[in-house]
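Visitor: Read in order, the letters of the sequence shown correspond to residues 11 to 152 in our numbering.
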Amino acid sequence: MTEPEFPRVLGFCCRWCSYAGADLAGAMRLQYPPEIRIMMVPCTGRVDILHILRALELGFDTVFLSGCHEGDCHYLAGNIKAKKRVNKLKKDLEAMGLEPERLEMFHVSSGEGPKFAEVCREMYERAVKLGPNPVKRKAQAA
Ligand code: FES
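#1: Grouping DSSP H, G and I as helix and E and B as strand, with all else coil, what is F126?
#2: Name the two residues that bound the continuous alpha helix (DSSP H) containing H79.
#3: If contacts are defined as beta-carbon pairs under 8 Å, then Y85 and G123 qualify, I think. What distance do you get, rounded to the angstrom?
#4: In three-state terms, what does DSSP make of L63?
#5: Give me the Cβ distance between H117 and G88, rounded to the nearest whole Å; I'm assuming they're in contact under 8 Å.
#6: Any heavy atom of the ligand FES within a distance shorter than 7 Å of the CB on N97?
#7: Mind checking whether the beta-carbon of H84 lies closer than 7 Å to any heavy atom of the ligand NAD?
#8: Whole angstroms is fine: what's the gap from V73's alpha carbon to Y42's?
#9: Residues in its own chain within less than 7 Å of I46 by CB, not counting five upstream and five downstream?
#10: Would you identify the three-state DSSP class for L103, choosing helix, strand or coil?
#11: Looking at the strands, I want to know which residues DSSP matches up with L20.
#12: Given a threshold of 16 other Cβ atoms within 10 Å of its Cβ, counted over all protein chains shown, does M115 qualify as buried or as exposed?
#13: Does DSSP put E135 in a helix, in a strand, or in coil?
#14: Once DSSP output is grouped into helix, strand and coil, what is the label at E114?
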């Protein structure tokens, strides 16, 4: 399968909740754009700022983290730390000239397949609205 040029969306999904939510969305045959790539992580707290920056550098147009609801993280506060990290990075992205809307944090449980599909559609629509990631354009021009 060849990768689409645009839009490309990456979701870091916690294995305990959102990854199962993605499975449920599939089992329910809910529609969401096929351009979404999902990476399972043990907890959103495990996702480092460098992972997100690397995803943007590699050309993903929007990136999201999807973890357990607050109070449900298997590692207690991983999702809270991830949310803080995402909010800080959004400000840094803006300072770097990138739209902060290219990054978002969501909370989706294993029983929320429809919500997971909605998150995917939202990040896809954001990518379409924002246009191609300028970091990718610069990398291709170099
Ligand atoms: Fe799911 Fe931490 S275990 S976000």
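Note that the Cβ used here is the ideal one computed from N, Cα and C, for glycine as well.
Guide: This is what the structure holds:
#1: One-based indexing of the sequence shown puts residue 126 at position 116. If DSSP states are grouped into helix, strand and coil, F126 belongs with the helices.
#2: Residue 79 sits at position 69 when you count from the first residue of the sequence shown. Run containing H79: none; DSSP gives neither H nor E here.
#3: The residue given as residue 85 occupies position 75 in the sequence shown. The residue given as residue 123 occupies position 113 in the sequence shown. 23 Å between Cβ atoms; not a contact.
#4: Position 53 of the sequence shown, counted from the start, is the residue given in the question as residue 63. Here L63 sits in helix by DSSP.
#5: Along the sequence shown, read from residue 1 onward, the residue named residue 117 stands at position 107. Along the sequence shown, read from residue 1 onward, the residue named residue 88 stands at position 78. Wrong, their Cβ atoms sit about 12 Å apart, outside the cutoff.
#6: Translated into positions along the sequence shown, residue 97 becomes position 87. For the ligand FES, not one heavy atom lies less than 7 Å from the Cβ of N97.
#7: The ligand content of the structure shown is limited to the ligand FES, which means the ligand NAD is not among them.
#8: By one-based count along the sequence shown, residue 73 stands at place 63. By one-based count along the sequence shown, residue 42 stands at place 32. C-alpha separation (whole angstroms): 15 Å.
#9: Locating residue 46 in the sequence shown gives position 36, where the first residue counts as 1. Once the five neighbours on either side are set aside, the close Cβ partners of I46 are V19, G21, C130, Y134.
#10: Numbered from its first residue, the sequence shown carries residue 103 at position 93. Reduced to three states, the DSSP call for L103 is helix.
#11: By 1-based counting over the sequence shown, the position of residue 20 is 10. BP columns for L20 point to R47, V73.
#12: On the sequence shown, residue 115 is found 105 positions in, with the first residue counted as 1. Burial call: buried.
#13: Along the sequence shown, read from residue 1 onward, the residue named residue 135 stands at position 125. Residue state, collapsed to three classes: helix.
#14: Position 104 of the sequence shown, counting from 1, holds the residue named residue 114. Note: E114 maps to strand in three-state DSSP.
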